[in-house]
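Residue numbers (this note's numbering), protein chains in the order written: chain A, 1 to 380; chain B, 381 to 760; chain C, 761 to 1140; chain D, 1141 to 1520.
Number of protein chains: 4
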Amino acid sequence: FSIKGNGIGNGNGHCNGYSNGHGHCINGYSNGISASVSSNGVSHLPYSNGNTVHHSNSNGHIHTSPSFGDGRRRCFWYEEEIEDDLRWCFALNRILHTGVSEYQDIALIDTRPFGKALVIDGKMQSTEVDEFIYHESLVHPALVYHSQPKSAFIMGGGEGSTAREILRHKCVKKVVMCDIDKEVVDFCKKYLVVNREAFSNSRLELVINDARTELQSRQERFDVIIGDLADPVEGGPCYQLYTKSFYELVIKPKLNHQGIFVTQAGPAGVLTHTQVFSSIYNTLRQVFKHVMPYSAHVPSFADTWGWVMASDHPLTLEAGEIDDRIKQRIKGELQFLDGQTFLVAATLNKSVRKSLSKETHVYTEETARFIHGHGKASYQ
Amino acid sequence: FSIKGNGIGNGNGHCNGYSNGHGHCINGYSNGISASVSSNGVSHLPYSNGNTVHHSNSNGHIHTSPSFGDGRRRCFWYEEEIEDDLRWCFALNRILHTGVSEYQDIALIDTRPFGKALVIDGKMQSTEVDEFIYHESLVHPALVYHSQPKSAFIMGGGEGSTAREILRHKCVKKVVMCDIDKEVVDFCKKYLVVNREAFSNSRLELVINDARTELQSRQERFDVIIGDLADPVEGGPCYQLYTKSFYELVIKPKLNHQGIFVTQAGPAGVLTHTQVFSSIYNTLRQVFKHVMPYSAHVPSFADTWGWVMASDHPLTLEAGEIDDRIKQRIKGELQFLDGQTFLVAATLNKSVRKSLSKETHVYTEETARFIHGHGKASYQ
Amino acid sequence: FSIKGNGIGNGNGHCNGYSNGHGHCINGYSNGISASVSSNGVSHLPYSNGNTVHHSNSNGHIHTSPSFGDGRRRCFWYEEEIEDDLRWCFALNRILHTGVSEYQDIALIDTRPFGKALVIDGKMQSTEVDEFIYHESLVHPALVYHSQPKSAFIMGGGEGSTAREILRHKCVKKVVMCDIDKEVVDFCKKYLVVNREAFSNSRLELVINDARTELQSRQERFDVIIGDLADPVEGGPCYQLYTKSFYELVIKPKLNHQGIFVTQAGPAGVLTHTQVFSSIYNTLRQVFKHVMPYSAHVPSFADTWGWVMASDHPLTLEAGEIDDRIKQRIKGELQFLDGQTFLVAATLNKSVRKSLSKETHVYTEETARFIHGHGKASYQ
Amino acid sequence: FSIKGNGIGNGNGHCNGYSNGHGHCINGYSNGISASVSSNGVSHLPYSNGNTVHHSNSNGHIHTSPSFGDGRRRCFWYEEEIEDDLRWCFALNRILHTGVSEYQDIALIDTRPFGKALVIDGKMQSTEVDEFIYHESLVHPALVYHSQPKSAFIMGGGEGSTAREILRHKCVKKVVMCDIDKEVVDFCKKYLVVNREAFSNSRLELVINDARTELQSRQERFDVIIGDLADPVEGGPCYQLYTKSFYELVIKPKLNHQGIFVTQAGPAGVLTHTQVFSSIYNTLRQVFKHVMPYSAHVPSFADTWGWVMASDHPLTLEAGEIDDRIKQRIKGELQFLDGQTFLVAATLNKSVRKSLSKETHVYTEETARFIHGHGKASYQ
């Protein structure tokens, strides 16, 4: 018998290890949990700072004794409403931390199927076991396609994972991360151990501000600008950062020559890509000469996700060239992306491709399209 | 903004142990949380050791700022399978503590509709806001109907609430509580602050043992024996403690002259009373001269619950006499029971009454009836 | 193997009406299904027009072959949100019929735990296996306490069950049922076979109108007026029919000398009775000389339910007198109520009794109290 | 107000009233419902036999009046347990038909997010809005890579969709479909209108038998053999049809020179591909010279799905060649697949690719791997 106030539970004084407390515990997103190897043979190195990550195991221990709920019906659940007629539910081990900001609710939870997960306003933001798919896809293509990126600006990104991935590029000298919600940033700094190093990296400048205001007030331009914003949700503040005028008047003037812009672009599945993905793509086509939509299935989002990269400089690389640049520039090994994977991600299936080619909608402040509470979301 | 790692969350500072609290909090089931007054005007004094108890409030603070999930769709749930085709789901604030014993899983959770709740093997055992109904009903009638109870034996009862209620009787000199699961007892001693005083009361003798073995090995007899056992669940160990032979050969010989036996007796609703209630009643009728079934609706069990009191001594008191004895003998005020309430609880509705009068089933080891995972349960 | 488009599904061949089933079935709420006897030994005669009713069986057949989903994890569910943090979920066999009116959504479903159930706006109205508790409690006390009731007026009651129970009183010559929602009434006439006879009874006058308008426009007075209205829900139309002025200015003038008014009064559990029950009780106390609150646990509502009876004539009967009147006046046998049961229902437990005695709130149009989507509800 | 027994319900013919039955209803998978155009701009022609298909609309009517549950909280749900700690829940409009066979439960339901869906043993088999992804991917690559396929054998496939897709190939003269469960086949013939034409096609030979027995007993060989079997589920019969010896001793001898075998191969997502996909791939590598794994995200399965194609003849075609063959050979237009899409599907991402290259497990009867109730499944 083990009282798990500690193991799963709570902190205290000088607990090191995995106590989710604080005191002096210092390492690990996973709160210092070493963990059983994921059953799929994937090692998620960057996420867990050198620890392998648990997938199916309740608290990361290799149990010799039974652990809570093993082999029994689950009774604790996290339930996400993807659409009002579609739910996605994960068995819960623990609700690790919760917080409330001026803008949103935030929680760090420990789920059985996806490990630790960051939830904002009832929407899954990222999970321990597959956030690498989202963040590698968001960050590395733009930086790799750029011939020599030295500076990057992140709109949103308060979780810290986007900054973490950018900082793996040795050539990048400066990253500005601009998120509007100080509390989310503080929460993530405190609890997402996997990003702790990134948050304290001297190349990172962290700003709490509205992204538009911040960009407009700055003198410098950037090699890469990354939109890690909430989806355009009705009533949310972010949809204004997906409009043609914003791209034209705010983003483009702040890109250096040969600069590249990339944004997360919502669900891109066969059934969901017309919610916002096709429209973001078409809007960027109005503003940039070269626009490259791409997508990948993110399991914890229960959908294929989309990103769009755009530039006035041609975006053409062979798989081999991509692999070479990844090898030369990036610290550590990528888990999801390589040259072949990216070129495949950028080749949409017939159904989505046809649909994008016919899209005529352009985002303006008057004609925004919105999305129901879907996955990657929130702050800016 | 408040990071609730503290309030809801986890310890820090010098908090040792599992106190989900702050700094130096040392007492309180509610983990040192004071709390807003329940919206129903009921004050639950005994449960919270002098603190009023929250009902609808997430963590007991009187918020001036919004608290997590207020006004939003709930995303964390506790789900109980009452039958395999019937579920009862409570929004969760926190999973406070979890543990595993040789026999069962145990958890202390903080729910929105019912406050803190003890869960064993996925079954709700008792909740902060209504456990007084179950425990007052289990304990006080037998003790009050006895002319002068000095000793009591509890079969099961590891949660400690049954002992707590018995110890309110000033005339009781000795309480033996015998539970088979040391870990459950340790868990409850540690986390159920409301019962902490009872656990350390010098009149309480706590034994870890099988109730049958313990009773048989003892020389002394008791004025009152209380069955606070798990329901007779298929495959569970407890159904053998509901049989005619057990009542005849083990219980009865250990009752003093005029002694009274009482047992929880499972669901007693119009639709559920034939699962086990009517049969326990009928079984006791084979063994004792006077048998008194009674019931009350326990909201968190989603059903009317049943108890059966039995004795060879007549069980007859007027409402006024009951009230007088309660006043004379019991420390503090009861919340649910008084003379009138008990006489009503012991007057079953026509549908249940008819059904009980026709019951012919008798519990033996060969002919046990079982119940699906329903409410009050577990250890012995 | 049986394709159950038939068995579970609905009609075919010459089946007219909604008979789920077979050939020439013509009567029965249960749609002509004979059925296995309920496991609790209760026979629900009036509900099923002479057929016994299934409880745990999926479609009323005594299967010799396995039936859908037997012994397997359930995958179809009806989910009711009792509060926004409390859910009650029934495994579904079928969604039998659905409809939409100007005011509300309506559905007749076949559930595993409670048999067929009428759902309006996502709230359980009544279920095959326990509606007798609600309707016997609503109707018979007022009619029995009246020395010789000849006429009754129902506010709401579109389901038809209230009328059905009234019509069992041989002395009643005229029942006026006034519901605002024609579609609900038509739906129930069509699909609730158990009430078909009542709907076509010549003593019943059915009016589609607002209850207030109807009462005010009528010349005659009634011996009994019954409020079978929706709970006072925020934004709903019904809360105005729970106010002091309504009782004083509309109800009272339409009661004959010695007339009795009774209304359903919302949840009356230990944790829920202050939502509206205590206030409806206190409001009626301002208007009538004699007011009698009573309650009973209704399993499918997951709560104890309340009713309040009021008159300027004393309301005092012994259990034996009640039994005599039931025997003399009512056709068939009641399942839930008899003299003892009613007197018990009218004796509230200590916790609720205290709370009612202290209630000071009076319903006015300005100071209404509201209830979350709880059980018995809807139209008027 | 519209009573939707019809609209949502089913057939009609001479059935009057709302009987969801059949009587003489004769047309339509969608039960004669035409339907609103899917919101994503995809037209699903083949599935609905010339009717466009609804996606977000409750019953396919273009409502001028509100429809059931619009704008309200959903209360009817289909819940699938993907893993025991992961659920996927669709709001339900109707449970259209249910049946029970010797082997399994079967249901046709109408869901809000995915339209009509076939469910076997609580597992989603295919849905109206995205089954084309699964079935185009299963069928067309093997047939297109073959230089001139004249005959095909389907193991399983009782739903009929696999046969339907094969029969679109003009060069195919004979299709043998061999499913073990007559009742499933009968159910699908009766209710899946979209496949009705395929079921009555004279080029189709339908056999009820075990696939192994059937193949072994036949003299002829086939150009293409397709495994549309249940996943290898513990206790299920199908895992023996994924073994090395089966491929070697049963499949291979029945393939013509240049013959191609293809099988569905379970989940192939980043987190799930090692459940069975990598092992099926590796097993086929032991038996065939050329093995081509490929995958695509199937939204209603909540995962990326995998297939493996294998042959002793080289599998190499350019995108343009694939497009040419599709155009020449296939009747109508494919929705999901073209040359580019297939080549992308056959290029796995880095994470999965690495993992497959390292896979050493080989399916034998002694060393099978199993899968929890995941998606495409079931009979044969």
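We put the beta carbon where it would ideally sit given N, CA and C, even for glycine.
CA-to-CA distance, residue j to residue i, given in whole angstroms
i         : j         : result
C/ALA1106 : C/PRO1053 : 6 Å
B/ILE462  : B/ILE751  : 10 Å
C/THR1101 : B/GLU628  : 33 Å
B/GLN505  : B/LEU498  : 5 Å
C/LEU1001 : C/ILE914  : 13 Å
D/THR1507 : B/SER735  : 55 Å
D/HIS1501 : A/ASP338  : 26 Å
B/ASN729  : D/VAL1416 : 57 Å
C/LEU1094 : C/ARG928  : 10 Å
D/GLY1409 : B/ARG592  : 54 Å
C/CYS998  : B/LEU476  : 41 Å
A/LYS116  : A/LEU192  : 9 Å
C/LEU898  : C/CYS948  : 19 Å
D/VAL1484 : D/GLN1244 : 36 Å
B/VAL574  : D/PRO1253 : 47 Å
A/LEU204  : D/PHE1441 : 40 Å
C/ASN1042 : C/TYR1123 : 8 Å
C/ASP983  : C/GLN976  : 16 Å
C/ILE880  : C/GLY859  : 10 Å
D/TYR1526 : D/GLU1505 : An answer regarding residue 1526 of chain D cannot be provided, because it is not within the stretch 1141 to 1520 covered by chain D.
B/SER737  : B/GLU577  : 42 Å
Among the options, the one whose alpha carbon lies nearest that of residue i
i         : options                                   : result
D/GLU1271 : D/GLU1221, D/ARG1308 and D/PHE1476        : D/PHE1476
A/LYS123  : A/ASN201, A/ASP231, A/SER101 and A/ASN349 : A/ASP231
C/SER1111 : B/LYS711, B/GLU614, B/HIS677 and B/ASP692 : B/HIS677
A/ILE225  : A/LEU206, A/LEU204, A/SER217 and A/MET177 : A/MET177
A/ILE326  : A/GLU359, A/LEU143 and A/ASP121           : A/LEU143
C/GLU994  : C/LEU852, C/ARG1129 and C/ASN853          : C/ARG1129
C/SER911  : C/GLU896, C/GLY920 and C/LYS930           : C/LYS930
A/SER202  : A/LYS173, A/ILE133, A/SER357 and A/LYS182 : A/LYS173
D/THR1456 : D/ILE1273, D/ALA1231 and D/SER1287        : D/SER1287
Cβ-Cβ distance between residue i and residue j below 8 Å
i         : j         : result
B/GLY537  : B/ASP590  : no
B/ILE486  : B/VAL564  : yes
B/SER658  : B/GLU739  : yes
D/SER1451 : D/PHE1401 : yes
B/VAL509  : C/LEU1031 : yes
A/LYS244  : A/VAL291  : no
A/GLY160  : A/PHE199  : yes
A/THR162  : A/HIS140  : no
Short CB-CB distance (under 8 Å) between residue i and chain E
i        : result
B/ARG592 : Here the protein chains are A, B, C and D, and chain E is not one of them.
- Whole beta strand (DSSP E) runs in the stretch 1205 to 1267 of chain D with 3 or more residues, listed along the chain? For the stretch 1205 to 1267 of chain D, the full-length beta strand (DSSP E) segments reaching 3 residues or more read 1216 to 1223, 1226 to 1240, 1245 to 1251, 1255 to 1260 and 1263 to 1267 along the chain.
- Message: Check whether the stretch 1220 to 1229 of chain D and the stretch 74 to 87 of chain A are in contact - that is, three or more C-beta pairs closer than 8 Å.
- Response: At 8 Å Cβ cutoff, the stretches touch.
- Can at least three beta-carbon pairs, one atom from the stretch 287 to 307 of chain A and one from the stretch 247 to 266 of chain A, be found at a separation below 8 Å? Touching, yes, given that three or more Cβ pairs across the two stretches are closer than 8 Å.
- Whole beta strand (DSSP E) runs in the stretch 540 to 570 of chain B with 3 or more residues, listed along the chain? Entirely contained in the stretch 540 to 570 of chain B, the beta strand (DSSP E) runs reaching 3 residues are, in chain order, 554 to 559.
- Message: I want to know whether the stretch 243 to 258 of chain A touches the stretch 1455 to 1463 of chain D - three or more CB-CB distances under 8 Å.
- Response: Contact fails: fewer than three Cβ-Cβ distances are below 8 Å.
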